[in-house]
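Undergrad:
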């Protein structure tokens, strides 16, 4: 049942938004919108996006228009709600024609804000943020947007002014079952049960250099609203600063040529064999291992979500027992399909990051490929999902799906 009450302007939506909003800091650097009653509120781009989407404008177009509004209007000494509305109508007319402008004008004149009530606060409902939450459950973006739109339509038809989070979840589930699929609804519910459990999410993203770990980690952190990320390369640099060099010689090298730091090494790049490549890497891993385990245990202790990416992600050789008991731990391994693709990736990265010339990596291509073969074998022994990163968007969808599958196993439908 939808609970109805008076609207409020308290920021933050537990489970749907990103926590309490720092209004004072926000107002200091953003411009204000004056209402007909003289009240001044900060301009919220997301609110404008919502009203544009409700009028039928595609999300991407709505976002760009709202961005333009912020850029063009924030320098004005006074902006009223009517000024903003007329500016938007004029922009819509110029960009998309009279029909689109008319649809917005009709809707915005009678629009009201729906509030979401948590156990501690009230905050504005956001279909855009709800769509992002749904999409993070490995649900197609178009389906996520449609489900969020249908949820908002249901709330408006019910005349809701305030909706409890539990009621909102039921409405979203129903919309997903009706407009998407039963599996999409089950994934969504599993995520909600997981978040309600209070357990942290620990994602371990492995893969050799050139597999796209950093790019996909950044995308995952945004999709899942995870603040803490760490790379094992950074851990390697820190360990190298604190331990005697004769104890950690392999840390002076990249993972694929760590064999150069092995005791009594006399090989060159031309005659190094696969066994030496793996031995050098394992030696390096053993020096990074304890820092990696400590980082994971600290996140578990503080109940904080965490993403760790790096070539040193070897779940079979890490002590994860404590983490598994007190968190959802999801190890994943990124791979590239062939040497040709890997070579192209390394060349492209060199163009993007001039401080990392490709020549050294291309010269070590055989060693990198040997290392990937080893990582794949290790992953397969522990049933760690392999994600072939031929396309970033597709790889991201597969990552989200594997994470959702793991969460659904811990929080199955009906529990």
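Residue numbers (my numbering): 3 to 417. Idealized CB from N, CA, C, for every residue including glycine.
1. Curious, which full-length beta strand (DSSP E) runs of at least 3 residues does the stretch 199-228 contain?
2. Would DSSP call residue 42 helix, strand or coil?
3. Okay, do the stretch 194-205 and the stretch 405-414 touch, 3+ Cβ pairs below 8 Å being the bar?
4. Along the chain, where does the alpha helix (DSSP H) containing residue 281 start, and where does it finish?
5. What residue range does the beta strand (DSSP E) around residue 232 cover?
6. Looking only at its chain, what residues have a beta carbon closer than 7 Å to the beta carbon of residue 325, apart from the 5 residues adjacent to it on each side?
7. Would you report the Cα separation of residue 261 and residue 71, rounded to the nearest angstrom?
8. Measuring alpha carbon to alpha carbon, tell me which of 44, 60, 125 and 35 ends up nearest residue 85.
9. Please return the same chain residues whose Cβ sits closer than 7 Å to the Cβ of residue 421, not counting the five positions on each side in sequence.
10. In chain order, what residues of the same chain lie with their CB nearer than 8 Å to the CB of residue 181, ignoring the 5 residues before and after it?
11. Do you know whose CA, among 220, 236 and 137, lies nearest residue 189's CA?
12. Closest to residue 222 by C-alpha separation, out of 327, 140, 122 and 91, would be which residue?
13. Suppose you measure from the CA of residue 96 to the CA of residue 214; what does that come to, to the nearest Å?
14. In whole angstroms, what separates the C-alpha of residue 169 from that of residue 157?
15. Would you decide whether residue 224 is buried or exposed? Buried here means 16 or more other CB atoms lie within 10 Å of its CB.
16. For residue 74, does the count of other Cβ atoms within 10 angstroms reach 16, so buried, or fall short, so exposed?
17. When you compare only the Cα positions, how much space is there between residue 237 and residue 289?
18. Residue 30: buried (16+ other C-beta within 10 angstroms of its C-beta) or exposed?
19. Select from 399, 408, 407 and 404 the residue whose C-alpha is nearest the C-alpha of residue 142.
20. Of the residues 62, 279 and 42, which one's Cα is nearest the Cα of residue 48?
21. For a test of the three-state rule: what should DSSP assign to residue 1, helix, strand or coil?
22. Could you check whether the stretch 50-61 touches the stretch 90-107, counting it as contact only if at least three pairs of C-beta atoms, one from each stretch, sit closer than 8 Å?
23. Which runs of the alpha helix (DSSP H), 4 residues or longer, sit entirely within the stretch 151-189?
24. Considering just the uninterrupted stretch of the alpha helix (DSSP H) at residue 394, what are its terminal residues?
25. Assuming contact is defined by CB atoms lying nearer than 8 Å, are residue 179 and residue 192 in contact in what I supplied?
26. Assuming contact is defined by CB atoms lying nearer than 8 Å, are residue 38 and residue 83 in contact in what I supplied?
27. Which same chain residues end up closer than 8 Å to residue 242 when comparing Cβ atoms and leaving out the 5 residues on each side of it in sequence?
28. Can you tell me which residues form a DSSP beta bridge with residue 333?
29. Give the straight-line distance between the Cα atoms of residue 286 and residue 131, rounded to the nearest whole angstrom.
30. Which one or two residues does DSSP pair with residue 82 in a beta bridge?
TA: On the basis of the supplied data:
1. Listed in chain order, the complete beta strand (DSSP E) runs (minimum 3 residues) inside the stretch 199-228 are 203-208.
2. Residue 42 sits at position 40 when you count from the first residue of the chain shown. DSSP places residue 42 in strand when its eight states are reduced to three.
3. Contact between the stretch 194-205 and the stretch 405-414 is present: three or more C-beta pairs spanning the two stretches fall below 8 Å.
4. Counted from its first residue, the chain shown places residue 281 at position 279. Residues 276-303.
5. Indexing the chain shown from 1 puts residue 232 at position 230. Residue 232 -> beta strand (DSSP E) spans 230-233.
6. The residue labelled residue 325 in the question sits at position 323 within the chain shown. The answer, listed in chain order, is 204, 298, 299, 302 and 331.
7. Position 259 of the chain shown, counted from the start, is the residue given in the question as residue 261. Position 69 of the chain shown, counted from the start, is the residue given in the question as residue 71. Going by the C-alpha atoms only, they are around 56 Å apart.
8. If you number the chain shown from 1, residue 85 lands on position 83. It is 35.
9. The structure shown does not extend to residue 421, since the chain spans only 3 to 417, so no value can be given for it.
10. Taking the first residue of the chain shown as position 1, residue 181 is located at position 179. Once the five neighbours on either side are set aside, the close Cβ partners of residue 181 are 145, 148, 149 and 152.
11. Against the chain shown, residue 189 aligns to sequence position 187. Minimum Cα distance to residue 189 is reached at 137.
12. In the chain shown, residue 222 corresponds to position 220, counting from 1. Looking at the Cα atoms, 140 is the closest of the given residues.
13. Locating residue 96 in the chain shown gives position 94, counting from the first residue. Locating residue 214 in the chain shown gives position 212, counting from the first residue. Those two C-alpha atoms are separated by around 41 Å.
14. Stepping through the chain shown from its first residue, residue 169 is reached at position 167. Stepping through the chain shown from its first residue, residue 157 is reached at position 155. In a straight line, the C-alpha of residue 169 is about 10 Å away from that of residue 157.
15. Position 222 of the chain shown holds residue 224. Answer is exposed; the Cβ neighbour count stays below 16.
16. Stepping through the chain shown from its first residue, residue 74 is reached at position 72. It counts as exposed.
17. Here the question's residue 237 lines up with position 235 in the chain shown. Here the question's residue 289 lines up with position 287 in the chain shown. For residue 237 and residue 289, the distance between alpha carbons rounds to 10 Å.
18. The residue you call residue 30 lines up with position 28 of the chain shown. A caution first: residue 30 carries a pLDDT of 39, below 50, which makes its placement in the model unreliable, though a value can still be read off. Its Cβ having fewer than 16 others within 10 Å, residue 30 is exposed.
19. Taking the first residue of the chain shown as 1, we reach residue 142 at position 140. Measuring from the Cα of residue 142, the nearest candidate turns out to be 399.
20. Counted from its first residue, the chain shown places residue 48 at position 46. Answer by Cα proximity: 62.
21. This structure cannot speak to residue 1, because the chain is shown only from 3 to 417.
22. yes
23. 167-181
24. Position 392 of the chain shown, counted from the start, is the residue given in the question as residue 394. Boundaries of the alpha helix (DSSP H) around residue 394: 394-412.
25. Mapped onto the chain shown, residue 179 falls at position 177. Mapped onto the chain shown, residue 192 falls at position 190. No, the pair does not count as a contact, with Cβ atoms beyond the cut-off.
26. Locating residue 38 in the chain shown gives position 36, counting from the first residue. Locating residue 83 in the chain shown gives position 81, counting from the first residue. Their beta carbons are under 8 Å apart, which means residue 38 touches residue 83 by this criterion.
27. One-based indexing of the chain shown puts residue 242 at position 240. 250, 253 and 254, listed in sequence order.
28. Position 331 of the chain shown holds residue 333. BP columns for residue 333 point to 206.
29. Locating residue 286 in the chain shown gives position 284, where the first residue counts as 1. Locating residue 131 in the chain shown gives position 129, where the first residue counts as 1. Looking at the two C-alpha atoms, the distance is approximately 42 Å.
30. Along the chain shown, one-based indexing puts residue 82 at 80. Residue 82 pairs with 36.
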